[in-house]
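Student: Take any residue in the sequence shown, note its place counting from 1, add 39, and you have its number in the numbering used here.
What follows is a single structure, and I will ask about it in a moment.
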Amino acid sequence: MKRDFVSIDDLGDDEVRELFRVASEMAPRLREWSHLCPGRILASLFYEPSTRTRLSFESAMSRLGGGVISAPDMRTSSAAKGETLADTVRVVGGSYADIIALRHPAEGSARIAARYADVPVVNAGDGSHEHPTQTLCDLYSLYAEKGRIEGLDVVLCGDLRFSRTVHSFAYALARFGANVALIAHRGFEMPEYVLRRLRDRYRHEPQRLEAEEFGSLASRADAVYFTPQNPHQLSLFTESAVASVAKFDALYVTRPQNERPGAEEREGPYPRIDRGSLSGRFRDTFVMHPLPRMNEIAYDLDQDPRSLYFKQAARGVPVRMALLAFLLGVLELRASPPRPETVGEVVRGRDGGRCPNATCITNVESRYLESEFRVERRAPLRATCALCESVIEVAFVGCSSTRVYHREGSGDVRRIKAEHLVLFDSEDRAKRAGFSAAAR
Ligand code: NCD
Numbered sequence: 040m041k042r043d044f045v046s047i048d049d050l051g052d053d054e055v056r057e058l059f060r061v062a063s064e065m066a067p068r069l070r071e072w073s074h075l076c077p078g079r080i081l082a083s084l085f086y087e088p089s090t091r092t093r094l095s096f097e098s099a100m101s102r103l104g105g106g107v108i109s110a111p112d113m114r115t116s117s118a119a120k121g122e123t124l125a126d127t128v129r130v131v132g133g134s135y136a137d138i139i140a141l142r143h144p145a146e147g148s149a150r151i152a153a154r155y156a157d158v159p160v161v162n163a164g165d166g167s168h169e170h171p172t173q174t175l176c177d178l179y180s181l182y183a184e185k186g187r188i189e190g191l192d193v194v195l196c197g198d199l200r201f202s203r204t205v206h207s208f209a210y211a212l213a214r215f216g217a218n219v220a221l222i223a224h225r226g227f228e229m230p231e232y233v234l235r236r237l238r239d240r241y242r243h244e245p246q247r248l249e250a251e252e253f254g255s256l257a258s259r260a261d262a263v264y265f266t267p268q269n270p271h272q273l274s275l276f277t278e279s280a281v282a283s284v285a286k287f288d289a290l291y292v293t294r295p296q297n298e299r300p301g302a303e304e305r306e307g308p309y310p311r312i313d314r315g316s317l318s319g320r321f322r323d324t325f326v327m328h329p330l331p332r333m334n335e336i337a338y339d340l341d342q343d344p345r346s347l348y349f350k351q352a353a354r355g356v357p358v359r360m361a362l363l364a365f366l367l368g369v370l371e372l373r374a375s376p377p378r379p380e381t382v383g384e385v386v387r388g389r390d391g392g393r394c395p396n397a398t399c400i401t402n403v404e405s406r407y408l409e410s411e412f413r414v415e416r417r418a419p420l421r422a423t424c425a426l427c428e429s430v431i432e433v434a435f436v437g438c439s440s441t442r443v444y445h446r447e448g449s450g451d452v453r454r455i456k457a458e459h460l461v462l463f464d465s466e467d468r469a470k471r472a473g474f475s476a477a478a479r
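As structure tokens, then:
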């Protein structure tokens, strides 16, 4: 069975620890591992710009003795002629390459690629959804500096809505027992689906911090308040909450992701960190960033021992070497794989609604993809897109066998078999799909 790495949860806890052990063995002698993967080929398919991710993947494969075929700008490939992702990865993962690193603007794209390719697929960033290999580098860096992850207090700061790196990183931090706190650029808060996953899978509720105004984060650490329940109710502010974290271990900053649809709503000052920011509870705080930076980290921090971002980027090579060798089956880890994700029932079909996210792969490549929803709970019904994880609003639920629909919340919904469930966001859509109302 091939192993893909699409979400950070595709690796088990011990597998992550083992990969870090291997990466730390590889790091001091990067040129000594070319016996590991001779004859193996990595294809890097990048539908979005990249410097570090693509080059560190390619460098990693070369250092392992393998070869690289690279499509660094898919606008010059057959994708420009309208070829689907499924067809592209079927071909590339046929005789061309033994493993694929994919970066694509649609959320859920890497999971689809993994389904259609015969070789392992590594997600090098799918839209604003996840970026799990960056998380390996980030987590490894934090671990290398602090010697542990458990119990660390880590602040994620900036565009939390569209930064795929913070989504994957938040999951990993919560999973390994760190405490996550959030400072979002106003209007660019952590998406509901990420918060839900943190809550449901890792039992973690991030603290919300609020910088009184982002520009002031630099000089006034005291202007950062804990508001654990509701980020905008300073009345919830209590002395004990403020005192609960004496010092933060890391501040992870991301740039405004202005290339995403919806980013044009951005207004107000974006946080900017400089040496002056690292006082008070931030005095011993490592500053992390996946790069590239815009203006959110001042250059005066680069020489400061608390800045980690260039080290994070450098560690991308040994971490990706370990990962590639593992996924190619060359490296065996003394660790078990994660337990398969079994939350809820998956509902597929063309009858019900589509995912509300226009950049979900099921909408971008609707020619051959059906919508796919995960029903996490029946009563009250809670569903997400199985590919991009967007929260699905359900107003009516149909049964594909009787072709009858029911109002969500009615007792009849629970009686519909999983394979017959059809979700509708409106009554109108149910009618248009040819379903009729349940007799009252
Ligand atoms: C990140 C990305 O592409 O999501 N870059 C990276 O891979 N190091 C972060 C970003 O572009 O902001």
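Glycine is no exception: its CB is placed at the ideal position from the N, C-alpha and C atoms.
1. Using 8 Å as the threshold, is the C-beta distance between residue 224 and residue 310 below it?
2. Decide if the region 123-136 is in contact with the region 154-174; the criterion is three or more beta carbon pairs, one per stretch, under 8 Å apart.
3. For the structure I just gave you, are there three or more beta carbon pairs, one from the region 387-400 and one from the region 98-110, closer than 8 Å?
4. Could you please give the first and the last residue of the uninterrupted alpha helix (DSSP H) stretch that includes residue 151?
5. Report the residue from 130, 93, 129 whose alpha carbon sits nearest the alpha carbon of residue 112.
6. Is the region 362-378 touching the region 50-68, taking contact as three or more C-beta pairs under 8 Å?
7. From residue 133 to residue 404, what does the alpha carbon distance come to, in whole angstroms?
8. With a 10 Å radius around its C-beta and 16 neighbouring C-beta atoms as the bar for buried, classify residue 334 as buried or exposed.
9. By Cβ distance below 6 Å, which residues in the same chain neighbour residue 465 in space, the five residues on each side in sequence not counted?
10. Which residues bound the alpha helix (DSSP H) around residue 206?
11. Is the CB-CB distance between residue 188 and residue 195 below 8 Å?
12. Quick check: does the Cβ of residue 203 come within less than 7 Å of any heavy atom belonging to the ligand NCD?
13. Short of 6 Å in beta carbon distance, which residues of its chain neighbour residue 78, apart from the five on each side in sequence? Order them along the chain.
14. Identify every run of the alpha helix (DSSP H) within the region 382-412, keeping only runs that are complete inside it and at least 4 residues long; order them along the chain.
15. Identify the continuous beta strand (DSSP E) that holds residue 498 and give its terminal residues.
16. If I measure Cβ to Cβ from residue 65 and keep anything under 7 Å in the same chain, skipping five residues before and after, which residues do I get?
17. Ordered along the chain, which non-local residues of its own chain (more than five positions away) have a Cβ less than 6 Å from that of residue 45?
18. Taking the straight line between their C-alpha atoms, what separation do you get for residue 200 and residue 167?
19. Could you give the first and the last residue of the continuous alpha helix (DSSP H) run that contains residue 96?
20. Using DSSP with H/G/I as helix, E/B as strand and the rest coil, what is residue 423?
21. Please classify residue 218 as buried or exposed, where buried requires at least 16 other C-beta atoms within 10 Å of its C-beta.
22. Tell me whether residue 382 is buried or exposed, calling it buried when 16 or more other Cβ atoms sit within 10 Å of its Cβ.
23. So residue 356 is in the alpha helix (DSSP H); what residue range does that whole segment cover?
24. Quick one: is the Cβ of residue 58 within less than 7 Å of any heavy atom of the ligand NCD?
25. Any idea what DSSP makes of residue 467, helix, strand or coil?
26. Residue 223 bridges to which residues according to DSSP?
27. Suppose you measure from the CA of residue 249 to the CA of residue 137; what does that come to, to the nearest Å?
28. Just the C-alpha distance for residue 319 and residue 290, rounded to the nearest angstrom, thanks.
29. For residue 443 and residue 420, which I take to be in contact (beta-carbon distance under 8 Å), what is that distance rounded to the nearest angstrom?
30. Nearest by alpha-carbon distance to residue 60: which of 182, 463, 288, 297 is it?
31. Tell me, which residues are paired with residue 40 by DSSP?
32. Apply the 10 Å Cβ neighbour rule to residue 274 and answer buried if 16 or more other Cβ atoms are within range, or exposed otherwise.
33. Is it the case that the CB of residue 168 approaches a heavy atom of the ligand NCD more closely than 7 Å?
34. Hey, residue 160 and residue 48 are a contact pair by Cβ (cut 8 Å); roughly how many whole angstroms apart?
35. Give the secondary structure of residue 340 by DSSP, where H, G and I count as helix, E and B as strand, and everything else as coil.
36. Within its chain, find whatever has a CB closer than 6 Å to the CB of residue 270; leave out the 5 residues flanking it on each side and keep chain order.
Tutor: With the given structure in hand:
1. The sequence position of residue 224 within the sequence shown is 185, counting from 1. The sequence position of residue 310 within the sequence shown is 271, counting from 1. A contact, by the Cβ cut-off of 8 Å.
2. Short answer: they touch.
3. The region 387-400 vs the region 98-110: no contact.
4. Within the sequence shown, residue 151 is the residue found at index 112, counting from 1. For residue 151, the enclosing alpha helix (DSSP H) covers residues 148-155.
5. Taking the first residue of the sequence shown as position 1, residue 112 is located at position 73. The shortest Cα separation from residue 112 among 130, 93, 129 belongs to 93.
6. Touching, yes, given that three or more Cβ pairs across the two stretches are closer than 8 Å.
7. Translated into positions along the sequence shown, residue 133 becomes position 94. Translated into positions along the sequence shown, residue 404 becomes position 365. Each residue's Cα considered, the two are about 21 Å apart.
8. Translated into the one-based positions of the sequence shown, residue 334 becomes position 295. Residue 334 is exposed by the Cβ-count criterion.
9. For this step, residue 465 is matched to residue 426 along the sequence shown. These residues qualify, in order along the chain: 434.
10. Along the sequence shown, read from residue 1 onward, the residue named residue 206 stands at position 167. Element bounds for residue 206: 203-214.
11. Sequence index remark: in the sequence shown, residue 188 carries index 149 (1-based). Sequence index remark: in the sequence shown, residue 195 carries index 156 (1-based). Taking 8 Å as the Cβ cut-off, residue 188 and residue 195 do not qualify as a contacting pair.
12. Walking along the sequence shown from the start, residue 203 turns up at place 164. Indeed, a heavy atom of the ligand NCD lies less than 7 Å from the Cβ.
13. For the purposes of this step, residue 78 is identified with residue 39 of the sequence shown, where counting begins at 1. Closer than 6 Å at the Cβ level, and outside the excluded window around residue 78, lies no residue.
14. The region 382-412 contains these whole alpha helix (DSSP H) runs: 400-403.
15. Lying outside 40 to 479, the shown extent of the chain, residue 498 is not represented and no answer is given.
16. In the sequence shown, the residue the question calls residue 65 occupies position 26. Beyond the five residues adjoining it in sequence on each side, residue 65 comes within less than 7 Å, by CB distance, of 72, 357, 360, 361 in the same chain, given in chain order.
17. Mapped onto the sequence shown, residue 45 falls at position 6. Closer than 6 Å at Cβ, skipping near neighbours: 149, 150, 153, 162.
18. In the sequence shown, counting from the first residue as 1, residue 200 sits at position 161. In the sequence shown, counting from the first residue as 1, residue 167 sits at position 128. Distance between the alpha carbons of residue 200 and residue 167: 8 Å.
19. Along the sequence shown, one-based indexing puts residue 96 at 57. The continuous alpha helix (DSSP H) containing residue 96 extends over residues 91-102.
20. On the sequence shown, residue 423 is found 384 positions in, with the first residue counted as 1. DSSP places residue 423 in strand when its eight states are reduced to three.
21. What you label residue 218 is simply residue 179 of the sequence shown in a count that begins at 1. Its Cβ being crowded by 16 or more others within 10 Å, residue 218 is buried.
22. Working through the sequence shown from its first residue, we reach residue 382 at position 343. Looking at its Cβ environment, which holds fewer than 16 other Cβ atoms inside 10 Å, residue 382 is exposed.
23. Position 317 of the sequence shown holds residue 356. That run of the alpha helix (DSSP H) goes 355-366.
24. Walking along the sequence shown from the start, residue 58 turns up at place 19. Exclusion of residue 58 from the 7 Å shell around the ligand NCD follows from its C-beta lying no nearer than that to any non-hydrogen atom of the ligand.
25. Residue mapping note: residue 467 aligns to position 428 of the sequence shown, counting from 1. Helix, per DSSP.
26. Taking the first residue of the sequence shown as position 1, residue 223 is located at position 184. DSSP output for residue 223 lists 197 as bridge partner(s).
27. The count along the sequence shown starts at 1 and reaches residue 249 at position 210. The count along the sequence shown starts at 1 and reaches residue 137 at position 98. In this model, residue 249 and residue 137 are separated by some 46 Å (Cα to Cα).
28. Position 280 of the sequence shown, counted from the first residue, corresponds to residue 319. Position 251 of the sequence shown, counted from the first residue, corresponds to residue 290. C-alpha of residue 319 to C-alpha of residue 290: approximately 13 Å in a straight line.
29. Here residue 443 corresponds to residue number 404 of the sequence shown, with the count starting at 1. Here residue 420 corresponds to residue number 381 of the sequence shown, with the count starting at 1. About 16 Å separates the beta carbon of residue 443 from that of residue 420, a gap too long to meet the 8 Å contact definition.
30. Position 21 of the sequence shown holds residue 60. Nearest C-alpha to residue 60: 182.
31. Here the question's residue 40 lines up with position 1 in the sequence shown. Note: residue 40 sits in no beta bridge, so no partner.
32. Stepping through the sequence shown from its first residue, residue 274 is reached at position 235. Confidence at residue 274 is low in this model, with a pLDDT of 31, below 50, so its placement is unreliable and no value can be given for it.
33. Position 129 of the sequence shown, counted from the first residue, corresponds to residue 168. It does not: the Cβ of residue 168 is nowhere closer than 7 Å to a heavy atom of the ligand NCD.
34. The count along the sequence shown starts at 1 and reaches residue 160 at position 121. The count along the sequence shown starts at 1 and reaches residue 48 at position 9. Not really, about 15 Å apart at Cβ, beyond 8 Å.
35. Your numbering for residue 340 matches position 301 in the sequence shown. Of the three classes helix, strand and coil, the one that applies to residue 340 here is helix, per DSSP.
36. Your numbering for residue 270 matches position 231 in the sequence shown. Residue confidence is low: residue 270 scores 38 on pLDDT, short of 50, so the model does not pin down where it sits. Its coordinate-derived value is still stated next. 247, 249, listed in sequence order.
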